[in-house]
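Heads up, the thing below is written out as structure tokens.
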Amino acid sequence: MNNLILINSIRFIFLVLLQVLLLNNIYFLGYLNPMLYIIFVFLYPLKKEKSLFLILCFFLGLTIDFFSNSGGINAAAIVLIAYIRQPLLHLIQNKTEFDYLLFNIKNLPFIQVIIYIFSMTFIHHLIIFSLEFYKTQGVLNILGKVIITTILSAVLISFCVQLFVKNKRA
Amino acid sequence: MNQIISFLTRYKFFLLFLLLEIIALSFTIQSHSFHRSKFINSSNSIIGFVYENLDIIGNYKNLTKYNLELAEENIKLKKLLTQKNDVLKTKKTNTIDSILHYQKFTYIDAIVKNNVYTKSNNILTINKGKKDSIIRDLGVINSKGIIGIVANSSKNYATVMSILNENSKINARLKKNLHFGTLTWNAKDYKTIQFEDLPRQANIKIGDTIITDGKSTIFPEGILVGIIKDFKLANNNYKIINIELFNDMSAIKHINIVTNLYKTEIQDLENNYE
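Keeping their order, the protein sequence lines are chains B and X.
The first sequence finishes on residue 197 if you use our numbering, and the numbering steps up by one all the way, no holes.
The second sequence finishes on residue 586 if you use our numbering, and the numbering steps up by one all the way, no holes.
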């Protein structure tokens with residue numbers, strides 16, 4: 028249990044620094060910055076008690092907002108995907124009962140992992156870009172940005188999940 | 313009462329979610345009016361510290377370019393200095409140190425610690441703050457032109473509302489005549505900004521230079537902005553005027569903060585009529 032707290036605090040700090048110091052400076056093709064910090068949502072263990080997870084996600088988003096002067100945009104988006112994480116997994120797996128202890132993202136079939144990561148990332152980016160640009164840019168313009176950035180972030184997240192999640196096939 | 317408690321326990325996760333979203337959205341709405349965004353901004357000292365000490369990538373990106381710019385500015389200033397010496401030598405007059413008596417602006421140099429240019433409300437973080445008498449509403453420029461206006465400051469750091477910000481409205485005029493307008497940004501391209509409220513008789517052409525007006529107390533007159541890229545006419549009025557910036561807002565590092573020494577005097581005088 029203590030181990031879990033330690034791992035998640037280190038992960039929290041590491042992801043914030045990685046996002047604000049490295050990834051927010053990438054400007055791939057002129058304007059694309061992948062948002063890797065939401066991998067926190069994918070890596071946090073599934074549990075019955077979800078309130079702490081939601082609060083942690085809120086503070087993660089808010090910290091990113093502090094660094095990038097964006098009000099509460101990141102916090103709003105990450106709290107939403109944290110909230111829908113479990114219902115979405117139910118939907119993708121087509122199951123109603125859930126084995127919390129044994130769940131491991133690597134045990135999911137490949138196609139389900141892809142759908143899971145891409146849909147979560149898409150929802151997150153959609154919230155971010157529409158809150159950011161709702162005043163000035165058209166729907167198509169925003170949607171274009173969302174789709175391109177989603178592909179970039181989701182591919183990066185999928186790679187990191189593949190690399191850093193241990194196989195726990197019992 | 314029991315029912316209320318059972319309702320709360322049943323939906324406590326949803327209610328928590330709702331509460332967090334409301335907090336986040338209220339921060340977002342608050343941040344859209346930049347003067348009120350006091351709580352969440354990167355002039356905070358912890359965040360300033362992180363950007364100052366750990367920003368390895370940002371510090372080395374574009375380093376060559378910054379050095380070139382500084383060298384160019386040095387040459388420009390050296391040329392000015394030699395010209396001045398020549399004048400003084402040939403005239404041989406009693407020089408009064410007029411700078412001391414008639415100086416209108418002071419400049420403080422600073423370094424950009426965090427630069428954003430792809431959002432709709434872009435804010436920069438700089439490494440000077442209240443300690444160096446940086447306060448809200450001072451102008452920020454560099455050797456190539458204007459950059460923005462100081463929005464908030466803490467002890468050691470300050471945030472600057474860049475000209476690439478929807479809330480930004482800066483007075484500017486044409487270099488060739490005295491007609492003036494307002495600089496705004498439509499959040500589309502970080503290389504172009506818009507020029508509004510220009511009267512029809514200004515008679516502009518593509519390629520005309522825009523400079524700051526000096527009417528507001530923030531910027532001195534004649535700071536470069538950009539050149540007119542294209543414009544559209546509608547109902548015999550200028551509808552959209554696009555200006556290509558001299559500054560590359562994606563790569564700025566060394567900046568100057570301008571303080572108008574007569575600012576309070578001018579503002580007091582003008583406020584008498586309100």
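Even for Gly, the Cβ is constructed at its ideal location relative to N, Cα and C.
As the structure is a prediction and not an experimental result, all values here were calculated from the model.
Within the continuous alpha helix (DSSP H) that includes D92(B), where are the two ends? Looking up residue 92(B) in the first sequence gives position 65. D92(B) -> alpha helix (DSSP H) spans S78 to S95.
Check your understanding: Buried or exposed: where does K565(X) fall if 16 or more other Cβ atoms within 10 Å of its Cβ makes it buried?
Key -> For the purposes of this step, residue 565(X) is taken as the residue at position 253 of the second sequence. Buried: at least 16 other Cβ atoms inside 10 Å.
| request: Measure the C-alpha to C-alpha separation of G360(X) and S95(B) and round it to an integer number of angstroms. | output: Counted from its first residue, the second sequence places residue 360(X) at position 48. Counted from its first residue, the first sequence places residue 95(B) at position 68. Cα to Cα, the separation comes out at about 11 angstroms.
Query raised in the report: What is the DSSP secondary structure of H566(X), reduced to helix, strand or coil?
Result: Here residue 566(X) corresponds to residue number 254 of the second sequence, with the count starting at 1. If DSSP states are grouped into helix, strand and coil, H566(X) belongs with the strands.
Notebook entry, point to check: Secondary structure at K465(X), three-state DSSP: helix, strand or coil?
Noted result: Translated into the one-based positions of the second sequence, residue 465(X) becomes position 153. What sits at residue 465(X) in the sequence shown is Ser, not Lys. Strand at S465(X).
Give the C-beta separation of S480(X) and L436(X) to the nearest angstrom, bearing in mind that I take them to be a contact with Cβ-Cβ under 8 angstroms. Translated into positions along the second sequence, residue 480(X) becomes position 168. Translated into positions along the second sequence, residue 436(X) becomes position 124. So it is not a contact: roughly 12 angstroms between Cβ atoms.
List the residues of chain B that K425(X) touches, going by C-beta distances under 8 angstroms, in chain order. As a working note, residue 425(X) is residue 113 in the second sequence. Those within 8 angstroms of K425(X) in chain B number zero; the least Cβ separation is about 11 angstroms.
task = Would you mind telling me which residues of chain X sit closer than 7 angstroms to V106(B), beta carbon to beta carbon, in chain order?
result = Taking the first residue of the first sequence as 1, we reach residue 106(B) at position 79. Simply F329, L332, E333 and A336.
Review point. What residues match up with V472(X) in a beta bridge as DSSP calls it?
Key: Taking the first residue of the second sequence as position 1, residue 472(X) is located at position 160. In the DSSP output, where bridge partners are listed per residue, V472(X) has L436(X) and V462(X).
TODO: On the DSSP bridge assignment, give the partners of V452(X) in chain order.
DONE: Taking the second sequence and counting its residues from 1, one reaches residue 452(X) at position 140. BP columns for V452(X) point to G460(X) and I569(X).
For Q113(B) and Q139(B), which I take to be in contact (beta-carbon distance under 8 angstroms), what is that distance rounded to the nearest angstrom? To locate residue 113(B), count along the first sequence from 1; it is residue 86. To locate residue 139(B), count along the first sequence from 1; it is residue 112. With 8 angstroms as the limit, Q113(B) and Q139(B) do not qualify as a contact, their Cβ atoms being about 14 angstroms apart.
message: Taking the alpha carbon of H344(X) as the reference point, which residue from E478(X), S528(X) and E508(X) has its own alpha carbon closest?
response: Along the second sequence, one-based indexing puts residue 344(X) at 32. Among E478(X), S528(X) and E508(X), the Cα nearest to that of H344(X) is on E478(X).
| query | Taking only beta-carbon atoms, is Y54(B) less than 8 angstroms away from chain X? | reply | Along the first sequence, read from residue 1 onward, the residue named residue 54(B) stands at position 27. Chain X contact via Cβ: present.
- prompt: With 16 other CB atoms within 10 Å as the buried threshold, where does S445(X) fall?
  reply: Position 133 of the second sequence, counted from the first residue, corresponds to residue 445(X). Exposed is the label assigned to S445(X), since fewer than 16 other Cβ atoms lie within 10 Å of its Cβ.
- Taking the DSSP output, what are the residues bridged to V424(X)? Position 112 of the second sequence, counting from 1, holds the residue named residue 424(X). DSSP output for V424(X) lists I438(X) as bridge partner(s).
Verify the CB distance criterion: does T163(B) have a CB-CB separation below 8 angstroms to chain X? What you label residue 163(B) is simply residue 136 of the first sequence in a count that begins at 1. The C-beta of T163(B) comes closer than 8 angstroms to at least one C-beta of chain X.
### Message
Suppose you measure from the CA of T68(B) to the CA of I174(B); what does that come to, to the nearest Å?
### Response
On the first sequence, position 41 is the one that residue 68(B) refers to. On the first sequence, position 147 is the one that residue 174(B) refers to. With the sequence shown as reference, residue 68(B) is identified as Val, and Thr is not the correct amino acid for it. The straight-line gap from Cα to Cα measures roughly 20 angstroms.
Checklist line | beta strand (DSSP E) segments (min. 3 residues) lying fully within the stretch 470–534 of chain X | finding: 470–477, 482–486, 492–496, 504–508 and 521–524
So the beta strand (DSSP E) K172(B) belongs to, where does it begin and stop?
Within the first sequence, the letter at position 145 stands for residue 172(B). Here K172(B) belongs to no beta strand (DSSP E); instead the alpha helix (DSSP H) covers V166 to F191.
Counting contacts by CB-CB distance shorter than 8 angstroms, is F41(B) in contact with chain X? As a working mapping, residue 41(B) is identified with position 14 in the first sequence. Taking Cβ atoms only, chain X never reaches closer than 8 angstroms to F41(B), which makes this a no.
_Using a 10 Å radius around the Cβ and a threshold of 16 neighbouring Cβ atoms, would you call S410(X) buried or exposed?_
Translated into positions along the second sequence, residue 410(X) becomes position 98. For S410(X), the predicted structure reports a pLDDT of 49, less than 50, and the residue's modelled location is therefore unreliable. A value from the coordinates is still provided. Residue environment analysis places S410(X) among the exposed positions, since fewer than 16 neighbouring C-beta atoms fall within 10 angstroms of its C-beta.
I'd like to know whether the C-beta of L167(B) is nearer than 8 angstroms to at least one C-beta of chain X. Position 140 of the first sequence holds residue 167(B). Output row for L167(B): interface = no.
message: Using a Cβ-Cβ cutoff of 8 angstroms, what residues of the stretch 69–84 of chain B are near chain X? List them in chain order.
response: K77, S78, L81 and I82
- [ ] Name, in chain order, the residues that DSSP records as bridge partners for A546(X).
- [x] For the purposes of this step, residue 546(X) is taken as the residue at position 234 of the second sequence. Answer is N549(X), bridged to A546(X).
Exercise for review: Give every residue of the same chain whose Cβ lies closer than 7 angstroms to the Cβ of N427(X), excluding the five residues on either side of it in the sequence, and list them in chain order.
Suggested key: The sequence position of residue 427(X) within the second sequence is 115, counting from 1. Excluding sequence neighbours, N427(X) sits near L436 and I564.
Kindly say whether N96(B), judged by its beta-carbon, lies nearer than 8 angstroms to any beta-carbon of chain X. Locating residue 96(B) in the first sequence gives position 69, counting from the first residue. It does: the Cβ of N96(B) has a partner Cβ on chain X nearer than 8 angstroms.
(Q) Give me the chain B residues within the contact set of T471(X), using Cβ-Cβ distance strictly less than 7 angstroms, ordered along the chain. (A) Position 159 of the second sequence, counted from the start, is the residue given in the question as residue 471(X). N96, listed in chain order.
Exercise. From S97(B) to K467(X), what does the alpha carbon distance come to, in whole angstroms?
Worked result: Numbered from its first residue, the first sequence carries residue 97(B) at position 70. Numbered from its first residue, the second sequence carries residue 467(X) at position 155. Cα to Cα, the separation comes out at about 21 angstroms.
List, in chain order, every chain B residue whose beta-carbon is nearer than 9 angstroms to that of S343(X). Here residue 343(X) corresponds to residue number 31 of the second sequence, with the count starting at 1. Here the neighbours are D92, N96, S97, G98, G99 and I100.
- Round the Cβ separation of K416(X) and D367(X) to the nearest angstrom and send it over; I've been treating them as touching at under 8 angstroms. As a first step, residue 416(X) is located in the second sequence; it is residue number 104 there, counting from the start. As a first step, residue 367(X) is located in the second sequence; it is residue number 55 there, counting from the start. About 35 angstroms separates the two Cβ atoms, so there is no contact after all.
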